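Peer 1: Sequential numbering of the sequence shown, starting at 1, is according to full-length UniProt numbering. Every residue gets a Cβ at the ideal spot worked out from N, C-alpha and C, and that includes glycine. Everything numeric in this text was worked out from a predicted model, so none of it was measured.
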Amino acid sequence: MNVLVYSGPEVLDTSLSQTLQTLRSLLVPNYAIQTINTQAISSQPWASNCAMLVLPACRAALVPAAPFTSALKAYVEHGGVLLAFGAGARRQARQAFTGETLEARMARMNVGASSVAALRFVDRASGTLEVTLPGHGEESLRVYQLEAKDRSTAEGIVMAGKAEITDATDWKGAEVLARYGDGRTNPVAGVCCPVGEGKLALWTALIDHCLAEEPVKSLVTQSNDHASLDLAAAESQRLVLLQTSLTALGLRLPSNESSVARPLPQFLTCVPTKPDIVERIAAALSIKELEKGPHVLQDDNDTFQFHAASEGPKLLEEARTSHSSADPSTWQPKHVVICTGGHIPLKDDTPLFDIATYYTELEASRRKYVGPACPEPWGVGEALLYGEVVTSTQTMLDKNPRLMSLLPTPLLSLATHQLAGRGRGGNVWISPAGCLQFSLLLYVPMQTLPTYRVVFVQYLFGLAVVEACRDAGVLGKLGDRVRLKWPNDIYAVLDNGEKRKIGGVLVNTSFNGGAVEVIIGCGLNVLNPPPITSLQQMVPPDMDTKLSIERTAAVIMAKFEEMWVTFLTNRGSFAPFMDLYLERWLHSDQLVTLTTTNPPQQVRIVGITPNHGLLRTMPERDGWSGGGTGEFIDLQPDGNSFDLMAGLIKSKS
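1. Taking Cβ positions, are residue 281 and residue 407 nearer each other than 9 angstroms?
2. Would you report the Cα separation of residue 346 and residue 463, rounded to the nearest angstrom?
3. Report the three-state DSSP secondary structure of residue 197 (helix, strand or coil).
4. Kindly list the residues whose CB is nearer than 6 angstroms to the CB of residue 181, restricted to its own chain and excluding five residues on each side of it in sequence; keep chain order.
5. Have a look at residue 62 and residue 36 and give me their C-alpha separation to the nearest angstrom.
6. Please return the same chain residues whose Cβ sits closer than 7 angstroms to the Cβ of residue 76, not counting the five positions on each side in sequence.
7. Can you give me the C-alpha to C-alpha distance between residue 340 and residue 284, rounded to a whole angstrom?
8. Since I believe residue 364 is in contact with residue 387 (beta carbons under 8 angstroms), could you give me their beta-carbon distance rounded to a whole number of angstroms?
9. Classify residue 2 as helix, strand or coil using the three-state DSSP reduction.
10. Just curious, the alpha helix (DSSP H) that residue 618 is in, first and last residue?
11. I'd like the list of long-range same chain contacts for residue 586, defined as Cβ closer than 6 angstroms, with 5 residues on each side in sequence excluded.
12. Contact check, residue 568 vs residue 440 under 8 angstroms by CB: the rounded distance?
13. Going by alpha carbons, who is nearest to residue 444 out of 80, 312, 555 and 512?
14. Between the Cα of residue 589 and the Cα atoms of 598, 574 and 608, which residue gives the shortest distance?
15. From the DSSP output, in three-state form, read off residue 459 for me.
16. Helix, strand or coil: which one does DSSP assign to residue 52?
17. Please state the DSSP three-state secondary structure of residue 376.
18. Any idea if residue 39 is buried or exposed, counting beta-carbon neighbours within 10 angstroms, 16 or more meaning buried?
19. Three Cβ pairs or more, each shorter than 8 angstroms: is that satisfied between the region 589 to 599 and the region 389 to 403?
20. Closest to residue 296 by CA distance: which of 313, 244, 335 and 266 is it?
21. Report buried or exposed for residue 233, applying the criterion of at least 16 other Cβ atoms within 10 angstroms of its Cβ.
22. Quick one: residues in its chain with C-beta nearer than 8 angstroms to the C-beta of residue 248, no 5 flanking neighbours on either side, listed in chain order?
23. Compare the Cα-Cα distances from residue 52 to each of 32, 476, 88 and 64 and report the closest residue.
24. Where does residue 337 fall in DSSP's three states?
25. Mind checking who residue 522 pairs with in its DSSP beta bridge?
26. What is the DSSP secondary structure of residue 192, counted as helix, strand or coil?
27. Could you check what DSSP says for residue 180 in three-state terms: helix, strand or coil?
28. Roughly how many angstroms lie between the CA atoms of residue 276 and residue 373, to the nearest whole one?
29. Does DSSP put residue 79 in a helix, a strand or coil?
30. Our contact map puts residue 186 next to residue 207 with C-beta atoms below 8 angstroms; I'd like the distance itself, whole angstroms only.
31. Between residue 229 and residue 265, how many whole angstroms is the CB-CB distance? I'm expecting something under 8 angstroms.
32. Taking its Cβ as the centre, do 16 or more other Cβ atoms sit within 10 Å of residue 332, making it buried, or is it exposed?
33. Using the three-state DSSP reduction, which class does residue 165 fall into: helix, strand or coil?
34. In whole angstroms, what is the alpha-carbon distance linking residue 369 and residue 391?
35. Since residue 382 contacts residue 551 with CB under 8 angstroms, what's their CB separation in whole angstroms?
36. For residue 623, count neighbouring Cβ atoms within 10 angstroms of its own Cβ and tell me buried if that reaches 16, exposed if not.
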């Protein structure tokens, strides 16, 4: 699920950046923290996958237009969650106004509208709640002391003084989260209250502002009342206020054990039966004599330090015990431990992924799907770069062209947690415990794979994943309910017929010297507990099926290699796989609405074009546009988005 942070033009830059940083430190890996702009809130179907919408403090008053307010109102009143900073609120109770003149009624409904527009939320029990974000400049910030609901004190918290929360104790079900300690008339600093089927947490105080960063740091140190304040302790108390708010809104905070705010060292390993693989990779990177010190590679996005295997435990200990920062600019350099001679790290060093077990499962799966032939230079998945916590397996390859050009392939980069995992279209792919996520680097001559057929790689890999789920070592017959959604999503069909996304594929390509470099990124929910849908939840409690991340990854690698060999033998033709693909996807003969035409048009999905991998549709004879011309309408996967649940194909914005 997403936590969406509003990034409209009214929002303070410092509030936006610090809100993102703080929420990522508190909520990753349980939620993906992303920004959302005014247009997207007003016109895109964001609400169904949004666990919480956040309104940071504004520099200017938030004066929302009708589509924006309608979207927020519908989201909250139908079960959504909203968190706002620098916000004021007041209640208009439900009551009869039978003798009221029209002028008086209009005046009552628009009290305060002339100065600051309000977001109005309606609750049957409590009436109408008016929420305002009046805006402020940094010059108006003042430092205050708050008293939390557990009577603890939070010092160094700032506010601008314009926003007020009135009558909070009169709201049915309201919970005051903190109060100001200066004896003011309206002392409420933060409140959580139900509205309709949803919830709001509103703060006049700017608890989104980090005390250790500007502008708050200077305000605190220059304040006579707070100059001696312990910033570290006060910052911890600010985070407690935020955690209390998130818990009150119903969000699930990660446990201390699963919440990791910065990357850990990665291990470059290979299947023990081919111990020279790592040496060949190290030679390609010009890595020599690591015992004398790390080898440094400076690239566009990251700086890499390569270390000898003997340094691994020490590097891990330092990374696990160091002060964690949620600021990505501090996540340098990236440390890689080179495991030569077929060496496998101890299980204690990689407690969340058993590398030795993975290689054992890979060899068994390769015997089943690939056979005894020994590919050159090695098989898919036999060279593994593993990190318990990384930024993004996709970004580390795609955004570092020097590293990518030097690495021999195939190379599998796999992680247990990603701090900034990438999905299609710029989306973030979250990676809580139980999620399998990886990127596979391949290098293919264009004479083997023509450029116009590269689009089929994403279809091929998605097909390999759903076929792997049908393997006896994964789900067996239960895997029949794992299906494909065009162009690159993996869905589970639940017992009640509901369809839930459990994975996706992202392919990046670049062309270099007569060859194409392919990075296939994939995320698949394998062992995730509810509410996240995963393969594990498809297994009945009375069945003995034992899923594992290691076996699932191994089967996917072997199954893909089997298909990949056939794919390249046929110079990238998808013909050998087309029938199976259409059996596995969710769309055969599906009637959808194409909103890219004016007026919108009903079309029926008939397949994929054989040469360029476009989604092929035909106008429905009884459609809105009076179609029935018999002509195909072919749609590009990168130019359109497919809302499966709503039956809509629309242009990506």
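Peer 2: For this structure:
1. yes
2. 34 angstroms
3. coil
4. 145 and 147
5. 15 angstroms
6. 82, 121, 195, 196, 198 and 200
7. 14 angstroms
8. Residue 387 to residue 364, Cβ: 25 angstroms. No contact.
9. strand
10. Where residue 618 is concerned, there is no enclosing alpha helix (DSSP H), although the beta strand (DSSP E) it sits in stretches over 615 to 619.
11. 483 and 485
12. Actually they are not in contact, since the Cβ atoms of residue 568 and residue 440 sit about 15 angstroms apart, beyond 8 angstroms.
13. 512
14. 608
15. helix
16. strand
17. coil
18. exposed
19. no
20. 335
21. exposed
22. 175, 177, 192, 199 and 201
23. 32
24. strand
25. 438 and 505
26. strand
27. strand
28. 18 angstroms
29. coil
30. Between residue 207 and residue 186 the Cβ distance is about 17 angstroms, and since that is not below 8 angstroms, they are no contact.
31. Between residue 265 and residue 229 the Cβ distance is about 36 angstroms, and since that is not below 8 angstroms, they are no contact.
32. exposed
33. strand
34. 32 angstroms
35. Not a contact, Cβ separation roughly 16 angstroms.
36. Here residue 623 scores only 43 on pLDDT, less than 50, and its place in the model is too uncertain to base an answer on.
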